[in-house]
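Enquirer: So for the sequence shown, UniProt numbering puts the first residue at 28; every next one is plus one.
Note that beta-carbon positions come from the ideal geometry of N, C-alpha and C, so glycine has one too.
Here the structure is a predicted model, which means the values were calculated and not measured.
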Amino acid sequence: PAEASYEHILISTPRPGVGQITLNRPKALNALSTPLMTELNAALRAFEASKEAGAVVITGNEKAFAAGADIKEMKDLNFASAFGNDFIKNWSELTQISIPIIAAVNGYALGGGCELAMMVDILYCGPKATFGQPEIKLGVIPGAGGSQRLTWAIGKAKAMEIILTGKNFSAEEAERWGLAARVFETPEACVEGALDTAETIASYGRLAVKAAKEVVNQSMENGLSEGVKFERRVFQSLFATRDQKIGMTAFAEKKKPQWTGE
Ligand code: CAA
Numbered sequence: 028p029a030e031a032s033y034e035h036i037l038i039s040t041p042r043p044g045v046g047q048i049t050l051n052r053p054k055a056l057n058a059l060s061t062p063l064m065t066e067l068n069a070a071l072r073a074f075e076a077s078k079e080a081g082a083v084v085i086t087g088n089e090k091a092f093a094a095g096a097d098i099k100e101m102k103d104l105n106f107a108s109a110f111g112n113d114f115i116k117n118w119s120e121l122t123q124i125s126i127p128i129i130a131a132v133n134g135y136a137l138g139g140g141c142e143l144a145m146m147v148d149i150l151y152c153g154p155k156a157t158f159g160q161p162e163i164k165l166g167v168i169p170g171a172g173g174s175q176r177l178t179w180a181i182g183k184a185k186a187m188e189i190i191l192t193g194k195n196f197s198a199e200e201a202e203r204w205g206l207a208a209r210v211f212e213t214p215e216a217c218v219e220g221a222l223d224t225a226e227t228i229a230s231y232g233r234l235a236v237k238a239a240k241e242v243v244n245q246s247m248e249n250g251l252s253e254g255v256k257f258e259r260r261v262f263q264s265l266f267a268t269r270d271q272k273i274g275m276t277a278f279a280e281k282k283k284p285q286w287t288g289e
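This is the structure in structure tokens:
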């Protein structure tokens, strides 16, 4: 994807097979305006389509991952326009991307910023990451999946407390409660750690990675027995791929697999 075509994000390919998207509205603490979200979706689609990227890292800056949806853009909306135009529906496009996405969260991840971080596949954070769903203080509620994903991730008691009080929570709490996969010691280590993990994922067969992401995500949609059956069927289908033969033969022959993505 051409760097020049974006105004609110920066894109790069810092490691083999790894795309990086940096949210870049620092003066507005990376508030997630509609133009920014449109660019984010476009960049993710472009990485997915390029076939070069096997995983993507989304990050912000040290002060803010994202301080929420853009309040200045929203303040004059009325019900008819919000409902009529299905305001922020396009945020969900991110969840349709088939390659793994890792968020490296430093600073504020509030409201829509917290929701964006919870939409990705792996959430990493730095020591000063600050999470929260402060919408209640603005007279609204989370609108981009926060009430659902936070409750799934940390359970009803804590989610209810956070959403009803609008109180922030720390990186250490996010990890302890199972929302963040890891907390790093510095903001830089968080981004590097996310790139390391993305590089590891990108080094594997693309079909198995895509299947793994799909089955884990399905766990949140299905009952257990349906989910286990779905997983087994996808597992079985991978025996139709060349990468399965390559991976298992390489193991047996003590060689490094050369994935083909077929
Ligand atoms: N939307 C628009 N602009 C924002 C913003 C947001 N969500 N968050 C911060 N900004 C802007 C500020 O207005 C300010 O702009 P100016 O310099 O033009 O005044 C600039 O970013 C810097 O912010 P502050 O001066 O407020 O910085 P601070 O360090 O004093 O405070 C903060 C930081 C506590 C995060 C504070 O900015 C804040 O409370 N932001 C709003 C957080 C919030 O309520 N988020 C939820 C939004 S609603 C939502 O997301 C709905 C949904 O579910 C989809």
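With 16 other CB atoms within 10 Å as the buried threshold, where does R176 fall?
Expert: Along the sequence shown, one-based indexing puts residue 176 at 149. Label assigned to R176: buried.
Enquirer: Under DSSP, the alpha helix (DSSP H) around S77 begins and ends at which residues?
Expert: Taking the sequence shown and counting its residues from 1, the one referred to as residue 77 is at position 50. Its alpha helix (DSSP H) spans residues 61-77.
Enquirer: Just the Cα atoms here: how many angstroms apart are I228 and P127?
Expert: The count along the sequence shown starts at 1 and reaches residue 228 at position 201. The count along the sequence shown starts at 1 and reaches residue 127 at position 100. When rounded, the distance between both Cα atoms is 8 Å.
Enquirer: Using DSSP's beta-bridge definition, name the partner residues of Q47.
Expert: Residue mapping note: residue 47 aligns to position 20 of the sequence shown, counting from 1. In the DSSP output, where bridge partners are listed per residue, Q47 has S39, V84.
Enquirer: Please state whether the Cβ-Cβ distance between T61 and V218 is less than 9 Å.
Expert: For the purposes of this step, residue 61 is taken as residue 34 along the sequence shown, with counting starting at 1. For the purposes of this step, residue 218 is taken as residue 191 along the sequence shown, with counting starting at 1. In this structure, V218 does not lie closer than 9 Å to T61 by Cβ.
Enquirer: Going by C-alpha distance, which of S125, D148, E66, N51 is nearest F92?
Expert: Mapped onto the sequence shown, residue 92 falls at position 65. For F92, the nearest C-alpha among the options comes from N51.
Enquirer: When every heavy atom of ligand 1 is checked, does at least one fall within less than 8 Å of the C-beta of P214?
Expert: Position 187 of the sequence shown holds residue 214. Outside the cutoff, so no.
Enquirer: To the nearest angstrom, how far is it from the Cα of P284 to the Cα of R233?
Expert: The residue labelled residue 284 in the question sits at position 257 within the sequence shown. The residue labelled residue 233 in the question sits at position 206 within the sequence shown. Going by the C-alpha atoms only, they are around 13 Å apart.
Enquirer: Check whether the Cβ of Q160 lies closer than 8 Å to any heavy atom of ligand 1, and answer yes or no.
Expert: Taking the sequence shown and counting its residues from 1, the one referred to as residue 160 is at position 133. For ligand 1, at least one heavy atom lies less than 8 Å from the Cβ of Q160.
Enquirer: Leaving out the 5 sequence neighbours to the left and right, which residues in its chain are closer than 6 Å to T49 when beta-carbon positions are compared?
Expert: Within the sequence shown, numbered from 1, the residue matching residue 49 stands at position 22. Contacts found: L37, T86.
Enquirer: Who are the near neighbours of residue 18 in its chain, counting only those whose CB is closer than 8 Å to its CB and skipping five residues on each side?
Expert: In the structure as shown, the chain begins at 28 and stops at 289. Residue 18 is therefore absent and cannot be evaluated.
Enquirer: Residues in its own chain within less than 8 Å of S197 by CB, not counting five upstream and five downstream?
Expert: In the sequence shown, residue 197 corresponds to position 170, counting from 1. These residues qualify, in order along the chain: A156, T157, F158.
Enquirer: Would you check whether ligand 1 has a heavy atom nearer than 8 Å to the C-beta of V167?
Expert: In the sequence shown, residue 167 corresponds to position 140, counting from 1. For ligand 1, at least one heavy atom lies less than 8 Å from the Cβ of V167.
Enquirer: Taking only three categories from DSSP, how would you classify T227?
Expert: Position 200 of the sequence shown, counting from 1, holds the residue named residue 227. It is helical.
Enquirer: Consult DSSP for A235 and reduce its assignment to one of helix, strand or coil.
Expert: Stepping through the sequence shown from its first residue, residue 235 is reached at position 208. Reduced to three states, the DSSP call for A235 is helix.
Enquirer: Can you give me the start and stop residues for the alpha helix (DSSP H) that L177 sits inside?
Expert: On the sequence shown, position 150 is the one that residue 177 refers to. Per DSSP, L177 belongs to the alpha helix (DSSP H) from 173-181.
Enquirer: Taking the C-alpha atoms as reference points, what is the distance between Y231 and V84?
Expert: Taking the sequence shown and counting its residues from 1, the one referred to as residue 231 is at position 204. Taking the sequence shown and counting its residues from 1, the one referred to as residue 84 is at position 57. Approximately 17 Å between the Cα atoms of the pair.
Enquirer: Since T157 sits in a beta bridge, which residues does DSSP pair it with?
Expert: Here residue 157 refers to the residue found at position 130 of the sequence shown. Beta-bridge pairing links T157 to Y135, S197.
Enquirer: Express the C-alpha separation of T268 and C141 in angstroms, rounding to a whole number.
Expert: Position 114 of the sequence shown holds residue 141. Position 241 of the sequence shown holds residue 268. Their backbone Cα atoms lie some 37 Å apart in a straight line.
Enquirer: Comparing C-alpha positions only, which one of Y135, R209, T192 sits nearest to L150?
Expert: Locating residue 150 in the sequence shown gives position 123, counting from the first residue. Here the closest residue by C-alpha is R209.
Enquirer: Give me the Cα-Cα distance between A238 and E289, rounded to the nearest whole angstrom.
Expert: In the sequence shown, the residue the question calls residue 238 occupies position 211. In the sequence shown, the residue the question calls residue 289 occupies position 262. A238 and E289: Cα-Cα distance of roughly 13 Å.
Enquirer: Along the chain, where does the beta strand (DSSP E) containing L150 start, and where does it finish?
Expert: Counting from 1 along the sequence shown, the entry for residue 150 is found at position 123. Here the beta strand (DSSP E) through L150 covers 149-152.
Enquirer: Just list the residues that DSSP pairs R209 with in beta bridges.
Expert: As a working note, residue 209 is residue 182 in the sequence shown. Beta-bridge pairing links R209 to Y151.
Enquirer: Less than 8 Å separating the Cβ of L150 from some heavy atom of ligand 1?
Expert: On the sequence shown, position 123 is the one that residue 150 refers to. No, the Cβ of L150 stays beyond 8 Å of every heavy atom of ligand 1.
Enquirer: Using the Cα positions of K272 and E280, report the straight-line distance between them to the nearest angstrom.
Expert: As a first step, residue 272 must be located in the sequence shown, where it is residue number 245. As a first step, residue 280 must be located in the sequence shown, where it is residue number 253. So the alpha carbons of these two residues sit roughly 12 Å apart.
Enquirer: Within the present structure, is the beta-carbon of E142 separated from the nearest heavy atom of ligand 1 by less than 8 Å?
Expert: Residue numbering aside, residue 142 sits at position 115 when the sequence shown is read from its first letter. Yes, Cβ of E142 sits closer than 8 Å to a heavy atom of ligand 1.
Enquirer: So A225 and I129 are in contact, right, with Cβ under 8 Å, and what is the actual spacing, rounded?
Expert: Sequence index remark: in the sequence shown, residue 225 carries index 198 (1-based). Sequence index remark: in the sequence shown, residue 129 carries index 102 (1-based). Rounded, the Cβ-Cβ distance is 5 Å, consistent with contact.
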